[in-house]
Every structure is written in structure tokens, then in C-alpha cells.
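Scroll down for the structure; my scribbles are underneath it.
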Amino acid sequence: MLLIHCPYCDETLPELEFTYGGEAHIARPENPADKTDDEWRDFLFIRTNVKGPHFERWRHAHGCGRFFNAVRDTVSDRFLTTYKAGEPRPDLAVLLEDAAKKEPSK
Amino acid sequence: MTHFSALSLLKNALTGQKNWQAQWPDSQPKAEYDVVIVGAGGHGLGAAYYLAKEHGITNVAVIDKGWLGGGNTGRNTTIIRSNYLYDESARLYDHAVDLWEGLSQDLNYNVMFSRRGVLMLAHNVHDVQSFQRHIHSNRLNGVDNRWLTPEEAKEFCPPLNISPNARYPVVGAALQMRAGTARHDAVAWGYARGASQRGVDIIQNCPVTAIRRGPDGAVEGVETAKGFIRAKKVAVSAAGHTSVVMETAGVRMPLESYPLQALVSEPVKPIFPCVVMSNTVHAYISQSDKGELVIGSGTDQYTSYSQRGGLPLIEHTVAAICEIFPIFNRMRMLRKWGGIVDVTPDRSPILGMTPVPGLYVNCGWGTGGFKATPGAAHTLAWTVAKGTPHDINAPFTLDRFRTGRLIDEAAAAAVAH
Ligand SMILES: Cc1cc2nc3c(=O)[nH]c(=O)nc-3n(C[C@H](O)[C@H](O)[C@H](O)COP(=O)(O)OP(=O)(O)OC[C@H]3O[C@@H](n4cnc5c(N)ncnc54)[C@H](O)[C@@H]3O)c2cc1C
Ligand SMILES: [Zn+2]
Chain Z
18 MLLIHCPYCD ETLPELEFTY GGEAHIARPE NPADKTDDEW RDFLFIRTNV
68 KGPHFERWRH AHGCGRFFNA VRDTVSDRFL TTYKAGEPRP DLAVLLEDAA
118 KKEPSK
Chain B
8 MTHFSALSLL KNALTGQKNW QAQWPDSQPK AEYDVVIVGA GGHGLGAAYY
58 LAKEHGITNV AVIDKGWLGG GNTGRNTTII RSNYLYDESA RLYDHAVDLW
108 EGLSQDLNYN VMFSRRGVLM LAHNVHDVQS FQRHIHSNRL NGVDNRWLTP
158 EEAKEFCPPL NISPNARYPV VGAALQMRAG TARHDAVAWG YARGASQRGV
208 DIIQNCPVTA IRRGPDGAVE GVETAKGFIR AKKVAVSAAG HTSVVMETAG
258 VRMPLESYPL QALVSEPVKP IFPCVVMSNT VHAYISQSDK GELVIGSGTD
308 QYTSYSQRGG LPLIEHTVAA ICEIFPIFNR MRMLRKWGGI VDVTPDRSPI
358 LGMTPVPGLY VNCGWGTGGF KATPGAAHTL AWTVAKGTPH DINAPFTLDR
408 FRTGRLIDEA AAAAVAH
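Heads up: the protein sequence lines correspond to chains Z and B, in order.
Numbering of the first sequence is given in the numbering used here, commencing with residue 18 and proceeding in unit increments.
Numbering of the second sequence is given in the numbering used here, commencing with residue 8 and proceeding in unit increments.
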């Protein structure tokens, strides 16, 4: 079972308290009427599905109930970091460097 | 190559089983092929088999990063059925069932296809309405499927608990009699043997690292761990790794890869006559010919390539199995494993052409593509050989995510299938 750090509660808790919310940082189009079919396809259906560090959303459903973002390596399932919704995308190079040094999910 | 028959079995029995030969050689790549298939699962090997057998295209290589059949083909719970809601799906899956029926004879290899019936349990009003809608739709499409009362379901599958006090009460069931199981490894081996017999090279332990495209955009071949292999046609059948492979050709896919787990119990005498699926509680069960109960669960909630999956799902699945079949309360589970399944937004596969000339794809089978193996492989071979969609795979385009013409089995079933 994954152990996940909620950045709001500031606690590391079992996966069962959380629900997965899919890929993060996918912005809803500002002017939907201007979008082409290709752009709608990309927004609705295309995902990076990356094998490696993945930016994704989680919700602390059985806790504070809030959405937050995380970076998790989809090969090892190890979390590199979690951060509050609305905060900018963290720098991946720095995260990978940190991860090599410590165990960030604790 | 050996032709299997009662006589050859007898002859080898009398000579101490010492004269069996390898069924296919482990090939090394040539510099160029007419067609390269990425992924030696049932779908990739099957496509090679039908390319050779039905279209006379034998200069073909099937390349796998691991051993053949080591992906989801060798990891699934082998449920075969065709009672899908939409016309397009019914045709595709029923085409597969038609081929399953003659597959052992066709391949001269026993894939142990067993039409033992698949019983899908309804636990609530929504299930009843949804299954009855499926049954009506199936009948209109000539696909067999019928409604059973809880008592009839218990008669068909005696270990079933139909007590109204159960945590997941059984309020009815849909039964497809033509459905069943097959031996998954034998499917990969049978197709590998058949393809190899006709001249196809099967290249194992050779990851494809990129698909190379020429200045005109068309496919030129594949980069692999064993060097560049030239081919004007490349078909990708890489299941959970399809997005990764397609990305190298510059094609972004509407796919997400999730772990899906299964487990088996200790072997016991024959006790379980059919396949039972409960979509609502996410538990699937049958008994293998070796005697193990084969149990499958739902996908993990997060995308992953770890090929592991979490224990909470196993606990949930086994709890549900014990509730529905109290008789199995004290069975011990022996092994559990995971596979990485490629899931599309509408839970229907993507099968055929891509925007890249010479590049074909067979993916998006998610949690349920074993059943489709012969049908998908057969129609993909047609498309690769002729360069046009087959009547049956034509609706399963990549373009449907742009046009909006989805084949929304996800909404139809409201769960994975
Ligand atoms: C636990 C579990 C239970 C399931 N239960 C059922 C069921 O009951 N009924 C059903 O119908 N379906 C079921 N499925 C789904 C089914 O197993 C798959 O849809 C089907 O087997 C896919 O076959 P395939 O040949 O496309 O993929 P695979 O057998 O996975 O083959 C893909 C191959 O591609 C190779 N590959 C990947 N990347 C590369 C690369 N870069 N270079 C070279 N090779 C590569 C892999 O090594 C692999 O061998 C289940 C799946 C799982 C995991
Ligand atoms: Zn919280």
C-alpha cells in the first residue's frame, strides 16, 4: 500500500484515505468555443501516461477532503513530493536530485 | 515440425517422452522485414500468424522486450465472452468467439477453449437494469445471453450464496453459455508455433527503443537493443507500454496504464463449474483444469508501470469472494501477480491505422483483451496486409477521440470489464 503525504494535514497516511485524481496541471480552456476538435481531443483524452515521474492529483477523501498534487515515479511508485493545489509545478531535476539523497515519502 | 495427434502422443509415450522437439526457434533479427510487430503477446503473435496464413506475408518479425507471452497474455484470468452492449463491440468480440471455437484445430495446438458459461451477477437495481439492457441488445445482435433468477443462478453454479441477507445479495444474473475460458499460455505458444512454422521470426529479449520515420513521415523501421531493423510496416501490440512506444513515433495516445491483479488458490478437486463475474464488487472467479481457483480483481486507482499493484485490492476481492461463496472461506491463496493494462477513455480498443503511414496499432484492451485475441489479431492482419480498415475493426479508430464517435462501453457497464 502506498503511503501518501497530505500537504494540508502535513501527515503521511495510507493510500486508503486518498482517491486518485488523474494527471495534474491540465488547464481547462479559457475560451471553450474557440477550441478546435484536435484541441478538445488533447484536453479531454490525451494523457502523458509517462513511464517515470508523473505529475498527478490526489484527494484526501477520508481526511481533510482537499485536492493536492504529487509527483510519483510510475516505475517504482515512489512519491518524489506532494504540494498544494495552485502551487507551481516543482522543478523535476531538483526533485530527482533530492530523491537520490533521501526517502521523501516519510 | 511435429504434427500433434493421438498417434504422436502415443508414440512419444512409448518412447519415454524423450523425442519431443522445440516448437519454434529463438530467432535473431535480419536487417529487413516486410512487417515488424512490436510485442509478442497473443495479439502480436496472432497477427503474425494470420498475416502468414491468410495473406501470404511471411517475411515478418515479432519482437518482444521479454519472453513471448510474458505480458498480459500470460497474466490474465482467461475469461472469454462477447456480451458487450454496442453493435461495434458485439461484432468484434463475437468474431473472436467464432474463431476461438475452431482455434485448437486451426493451430493444431490445444488452447483448451472451454465453453463453460459466464455468469454475471446482479446485486442491485442498477445492475438488473443494465444487464437486462445488455441482454436485449445482445439478442438483437445475435449474441447469446439470458437472464436467470437467483434460484436458477444457484442451480447453474451451486457454490453461490443467494441468501437475501448477504452483504452483496444476488438479485439475478446474466448467463452467456457460449462464453468460457482458454489456456492463456497455450494461446501464445500455439500462435508462435503456427507463425514460426510459416517463416515468421520471433525475437525475444529485444526491447524496441524507437520507431524510426523517414523525411516523408512514413515508417522506416524500428531501433532495437539488437540494432536497427528496417520495415515499411510496423504494428504495435505492446499493451501497457503502447503509449511509450507510440510516443517515439510522435503519436500521443489516449491511454493510461494501470496495474491489474489476479491470484490463485491452492489446487482442489473440481468444485466450480463455470465463470462468475461480479462487476459491482469487482471479483471474477473460475477454476483452472489444475484445480486452482483463479480470481481477478479491479485495477488499482493510480496509473503505474510497476507490474505489482497494492494489497488493499486483493483484500477487497477476496473478501467479496468469501461473501458470495462462503464455501471458499478457508481456502489458501498461493500466488498473486499484476499486469499493466492500457485503458482508453471509452474502454474500447484502438485497432488499425494511425496517422503515420505504415504504422498500425492494436491496443487499449484494458482489463479485457484476452477474449478478443483471435478476432483482433485476425482483423489487424487484414488491415496491415491491405492497408485499409477491416469491416469489423473500422469503428475502433484512433480518430474517434477527435470526432467524438466513442464506443462507450465504459458508460454502458459503469465499471471495468
Ligand atoms: C490480471 C489480469 C487479468 C485479466 N483478465 C482478463 C480476462 O479474464 N479476460 C480478458 O479478456 N482479458 C483479461 N485481461 C486483459 C488481457 O490480458 C489483455 O488485454 C491481453 O492479454 C492483451 O494482449 P496483448 O497481446 O495485447 O498484450 P501482452 O500480452 O501484454 O503483450 C504485449 C507485449 O509487448 C511487449 N512490449 C512492451 N513494450 C515493448 C517494447 N518497447 N519492445 C518490445 N516489446 C515490448 C511486452 O513485453 C509484452 O510481451 C487481464 C489482464 C490482467 C493483467
Ligand atoms: Zn489532508
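Idealized CB from N, CA, C, for every residue including glycine.
Since the model is a prediction, treat every value here as computed from it, not as a measurement.
When the options are compared against residue i, the one with the closest alpha-carbon
i, options, result
"Q308 of chain B", "B:A419, B:G317, B:I302", "B:G317"
"G81 of chain B", "B:I142, B:T380, B:T22", "B:T380"
"G88 of chain Z", "Z:R106, Z:G80, Z:R76, Z:H79", "Residue 88 of chain Z is actually Val in this sequence, not Gly. The option with the nearest alpha carbon to V88 of chain Z is Z:R106."
"E299 of chain B", "B:E95, B:E273, B:G305, B:H397", "B:E273"
"M340 of chain B", "B:G247, B:D101, B:Y367, B:L270", "B:L270"
"S203 of chain B", "B:V241, B:G376, B:Q35", "B:Q35"
"F163 of chain B", "B:G303, B:I278, B:I44, B:A418", "B:I278"
"P361 of chain B", "B:R409, B:G187, B:D151", "Correcting the residue type first, residue 361 of chain B is Thr in the shown sequence and not Pro. It is B:R409."
"D94 of chain B", "B:P402, B:Q28, B:G224", "B:P402"
"T249 of chain B", "B:V150, B:R315, B:G179, B:Y367", "B:Y367"
"L155 of chain B", "B:P176, B:Y175, B:T22, B:A181", "B:A181"
"Q211 of chain B", "B:A13, B:L16, B:V69, B:K18", "B:V69"
"V177 of chain B", "B:K161, B:H191, B:A189", "B:K161"
"N117 of chain B", "B:A246, B:A193, B:N400", "B:A193"
"K101 of chain Z", "Z:F84, Z:L109, Z:A116", "Z:F84"
"D223 of chain B", "B:P364, B:T22, B:G63, B:D406", "B:P364"
"V301 of chain B", "B:H323, B:V282, B:F377", "B:V282"
"Q112 of chain B", "B:Y198, B:Q30, B:R220, B:Q268", "B:Y198"
Cβ of residue i within 9 Å of any chain B Cβ
i, result
"L112 of chain Z", "no"
"H71 of chain Z", "yes"
"S122 of chain Z", "Note that S122 of chain Z scores 49 on pLDDT, short of 50, meaning its location in the model is unreliable and no value can be drawn from it."
"T36 of chain Z", "yes"
"G39 of chain Z", "yes"
"V88 of chain Z", "no"
"T29 of chain Z", "no"
"T91 of chain Z", "yes"
"L109 of chain Z", "no"
"T65 of chain Z", "yes"
"L20 of chain Z", "no"
Minimum Cβ-Cβ distance from residue i to chain Z less than 9 Å
i, result
"A419 of chain B", "no"
"T22 of chain B", "no"
"A423 of chain B", "Its pLDDT being 49, under 50, A423 of chain B is placed unreliably by the model, and nothing is read from it."
"H248 of chain B", "yes"
"S313 of chain B", "yes"
"S355 of chain B", "no"
"Q268 of chain B", "no"
"P319 of chain B", "yes"
"T374 of chain B", "no"
"S304 of chain B", "no"
"Q308 of chain B", "yes"
"V251 of chain B", "yes"
"G411 of chain B", "yes"
Distance between beta carbons of residue j and residue i, contact taken as under 8 Å
i, j, result
"G76 of chain B", "W196 of chain B", "7 Å"
"T216 of chain B", "E230 of chain B", "5 Å"
"T29 of chain Z", "V67 of chain Z", "So it is not a contact: roughly 24 Å between Cβ atoms."
"K243 of chain B", "V391 of chain B", "It is worth fixing the name first, because residue 243 of chain B is Val in this sequence and not Lys. Wrong, their Cβ atoms sit about 11 Å apart, outside the cutoff."
"N142 of chain B", "P157 of chain B", "Note that residue 142 of chain B corresponds to Ile in the displayed sequence, not to Asn. At roughly 16 Å, the Cβ-Cβ gap does not stay under 8 Å, so I142 of chain B and P157 of chain B are not in contact."
"S313 of chain B", "D94 of chain Z", "5 Å"
"I497 of chain B", "W107 of chain B", "Lying before the first or after the last residue shown, residue 497 of chain B is absent from chain B, which here runs from 8 to 424."
"S15 of chain B", "E416 of chain B", "At roughly 43 Å, the Cβ-Cβ gap does not stay under 8 Å, so S15 of chain B and E416 of chain B are not in contact."
"R354 of chain B", "G373 of chain B", "6 Å"
"I321 of chain B", "S304 of chain B", "7 Å"
Residues near residue i by beta carbon distance below 8 Å, same chain, minus five either side
i, result
"H42 of chain Z", "F72, N86, R106"
"C213 of chain B", "P36, I70, D71, K72, T231, A232, K233"
"E32 of chain Z", "M18, L19, L20, I21"
Close Cβ partners of residue i (< 6 Å) along its chain, the five nearest in sequence each way excluded
i, result
"C26 of chain Z", "G80, C81"
"K123 of chain Z", "Confidence in K123 of chain Z is poor, its pLDDT being 45 and thus under 50, which makes the residue's placement unreliable; the coordinate value appears in the next sentence. Cβ within range, chain order: n/a, list empty."
"D101 of chain B", "S89, V150"
"A245 of chain B", "V45, G46, V252"
"M8 of chain B", "Q204"
"H424 of chain B", "Reliability fails at H424 of chain B, whose pLDDT of 49 lies under 50, so the model's placement of it is uncertain and the value that follows must be treated cautiously. Correct list, in chain order: G375."
Cutoff 7 Å; reference residue i; Cβ partners in own chain excluding five residues on either side
i, result
"R205 of chain B", "A59, K60, T65"
"A50 of chain Z", "none"
"N115 of chain B", "H10, F11"
Neighbouring residues, chain D, relative to residue i (Cβ below 7 Å)
i, result
"F62 of chain Z", "The displayed structure is made up of protein chains Z and B, and chain D is not among them."
On the three-pair Cβ rule with 8 Å, is the stretch 226-241 of chain B touching the stretch 26-41 of chain B?
-> yes
If we count Cβ pairs, one from each stretch, closer than 8 Å, do we get three or more for the stretch 121-130 of chain B versus the stretch 279-286 of chain B?
-> Segments in contact, yes.
Can we say the stretch 57-72 of chain Z touches the stretch 258-268 of chain B, given the rule of at least three CB pairs closer than 8 Å?
-> yes
Count the C-beta pairs between the stretch 372-387 of chain B and the stretch 53-63 of chain B that are closer than 8 Å, then say yes if the count reaches three, no if not.
-> Yes, they touch.
Are there three or more Cβ pairs, one per stretch, closer than 8 Å when the stretch 344-360 of chain B is compared with the stretch 321-335 of chain B?
-> no
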